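Here is the structure we will look at, set down as structure tokens.
Protein chains in written order, with my numbering: chain B, 1 to 318; chain A, 1 to 279.
See the structure below:
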């Protein structure tokens, strides 16, 4: 247990170090760059004094250890740097965009969890379903979500006429009430959610199916049947409740994959979440923003892995 | 033979794709990087699959994309195969401290958020295909290493292997004669899986605008087509956007499903990392 916690802490530290050292290991000097590419006509360079001054301003003249200490203390105080493209603190941009991504992921995770479990229960009940569904699921789970998104966008949204092609809400819309606003949000989130949902369901389905099949052969299920309990009650109370922990652990362990998928799918639909920020940051070479996105997703990923691992261990111990 | 039909079907589909795209590269007179006709022509006699907005033949572009994707995927797979096998072996067989260190590194790489890492590295280290292949390789060997580690530890614990060690078989001898033959199949199949993932990751990066802008890549085609203004309101997407998406989808599914199927059929397949390596 302690070992695992240490491992996750070490992972987090390593990712942080990676994020810190990457720009410093890169070839080239940003100050030389910014002095040379100011404009088409301009070929004036900074003087030695100006360079000195800028270095001092950015703290680049200090020893590496000192720079690292400063960065850590700044980051801990919530200062993640300043985005070049958005002209805003990185933390602020992320705080604005995170709810969109989090909402997208939460809804699609919940939906695929429900669908996966329902399909698995159906498989346990019906042999015919069990012959078809696993093959279909393995086909689906190897499909990258952004391609599904693209197909949905062009084959469903574009011809439909009423599904929005992109964005998170209708621009300049005036809502008469919260219900209308919610409907607008839901309509925009529909296709991104569906493309993530389609890809994530098979994972839950396989886990739930394996877990249910493992539980289904336990003696207490035979006992419950012998008592004459209704099949529905047996499935809900005896089967599902005992089969649940691995499925929930899977939700956390699969979050990394879901995150990658969500970041790409957002770009397909122009959804205003962290993924589009990432693409913009790439396009404008907004390195502080990019590092912020990376730091946030690393944090999220390691935490969810640790949570999934913890659930798995607890189950092993119980 | 009858039980192996999925492999034949998938392999056959891959071969068919390869032949189709080889024809597009060598039997098709249109170049893949120069305009050869009017822009945005629908599929027809002059251009079998039509042209894009610059008048470049789409069949030729698709064909180039197939071989460059495959080459990248195979290079990454080979790299991940070598790295993963070596690291997994080291984690299973090296003495005490070293093994723990390798194990830690494996777990570090397993816990990385793949796409953001690739995006950050791609943005920082430029866009040549060689660099891209290197980066993808560096971030895809860890799952192989984990599997190899478990399998190697399991084999090492078996009676006959311990007996061989008692008879004076050195570490290298045991590695060569007993462990490698059992582990290589597993690593190779997982390498094939990496090939599929690498193709996907390259296309994702290209879609995000991080690919080599000069390469013939499906991701780049998709990205360009979907950013073309008016793509939603015209029929252009039918022959400009859909083919690369479908080609990517078909290739990926064939490779990944083949890898999956082979993995399930591996003899004496080691399950997970449950075996105790302290034999």
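The beta carbon of each residue, even a glycine, is placed where N, CA and C say it ideally should be.
Given the structure is predicted, the values throughout are model-derived calculations rather than measurements.
Exercise. With 16 other CB atoms within 10 Å as the buried threshold, where does residue 123 of chain B fall?
Worked result: buried
If we define contact as Cβ-Cβ less than 8 Å, is residue 232 of chain A a contact residue for chain B?
yes
Is DSSP giving residue 57 of chain A helix, strand or coil here?
-> Three-state DSSP puts residue 57 of chain A in a strand.
Requested in this report: Assign residue 252 of chain B to one of two classes, buried (16 or more other C-beta atoms within 10 Å of its C-beta) or exposed (fewer than that).
Outcome: buried
Check: How is residue 232 of chain A classed by DSSP in three states: helix, strand or coil?
Finding: coil
Practice item. Could you name the residues of the same chain whose beta carbon sits closer than 6 Å to that of residue 89 of chain A, not counting the 5 residues immediately before and after it, in chain order? Key: Contacts found: 152.
Quiz item: Do the stretch 212-224 of chain B and the stretch 165-182 of chain B make contact, defined as three or more Cβ pairs closer than 8 Å?
Solution: no
**Request:** Output, in chain order, the set of chain A residues within a Cβ distance shorter than 8 Å of residue 302 of chain B.
**Result:** 111
* Asked: Hey, does residue 222 of chain A have any beta-carbon neighbour from chain B nearer than 8 Å?
  -> Output row for residue 222 of chain A: interface = yes.
Residues bridged to residue 88 of chain B [DSSP beta-bridge criterion]: B/83
key: Local Cβ density within 10 Å of residue 38 of chain A, reported as buried at 16 or more and exposed below that   = exposed
**OP:** State the Cα-Cα distance for the pair residue 91 of chain A and residue 85 of chain A, rounded to the nearest angstrom.
**Re:** 10 Å
* Asked: residue 35 of chain A and residue 54 of chain A: beta carbons closer than 8 Å?
  -> Yes, these two residues count as a Cβ contact at 8 Å.
- My understanding is that residue 140 of chain A touches residue 76 of chain A, with C-beta atoms under 8 Å, so please give their C-beta distance in whole angstroms. Rounded, the Cβ-Cβ distance is 6 Å, consistent with contact.
Inset, instruction - Note down, in chain order, each residue of its chain lying with its Cβ closer than 7 Å to the Cβ of residue 287 of chain B, except the 5 sequence neighbours on either side. - result: 23
Original post:
Based on the DSSP output, what are the partners of residue 51 of chain A in its beta bridges?
Top reply: A/57
- prompt: Is the CB of residue 161 of chain A under 8 Å away from at least one CB in chain B?
  reply: no
State buried or exposed for residue 293 of chain B, treating a residue as buried only when at least 16 other CB atoms are found within 10 Å of its CB. buried
- Tell me, please, whether the CB atom of residue 279 of chain B is closer than 8 Å to any CB atom in chain A? So yes, residue 279 of chain B belongs to the interface.
> Counting along the chain, where does the alpha helix (DSSP H) carrying residue 242 of chain B start and finish?
Replying inline: Here the alpha helix (DSSP H) through residue 242 of chain B covers 241-253.
Q) In three-state DSSP terms, what is residue 130 of chain B? A) helix
Would you call residue 269 of chain B buried or exposed, if buried means 16 or more other Cβ atoms sit within 10 Å of its Cβ? buried
Threshold first: 3 residues or longer. Then list the beta strand (DSSP E) segments lying entirely within the stretch 100-170 of chain B, N to C.
none
Q) residue 155 of chain B: buried (16+ other C-beta within 10 angstroms of its C-beta) or exposed? A) exposed
| said: Based on DSSP bridge pairs, tell me the residues matched to residue 35 of chain A. | reply: A/56, per the DSSP bridge assignment.
message: For a cutoff of 8 Å on Cβ pairs, would you count residue 142 of chain B as touching chain A?
response: yes
Interface partners of residue 265 of chain B on chain A, CB under 9 Å
What residue 265 of chain B touches in chain A: nothing, since even the nearest Cβ is about 11 Å away.
Inset, instruction - Could you give the DSSP three-state label for residue 125 of chain A: helix, strand or coil? - result: coil
I want to verify the contact list: residues of chain A whose CB lies under 8 Å from the CB of residue 138 of chain B, in sequence order. 257 and 260
Compute the Euclidean distance between the alpha carbons of residue 225 of chain B and residue 207 of chain B, then round it to the nearest angstrom. Those two C-alpha atoms are separated by around 24 Å.
(message) Can you check which of these residues, A/248, A/259 and A/265, is closest to residue 68 of chain A by C-alpha distance?
(response) A/248
**Report entry** CB contact below 8 Å: residue 154 of chain B versus chain A
**Finding:** It does; some Cβ of chain A falls within 8 Å.
Next on the checklist: As a quick exercise: from B/21, B/50 and B/211, pick the residue whose alpha carbon is nearest that of residue 72 of chain B.
Outcome noted: B/21
So which residues on chain B does residue 59 of chain A lean against when the C-beta distance must stay under 8 Å?
Result: empty, since nearest Cβ-Cβ is about 20 Å, beyond 8 Å.
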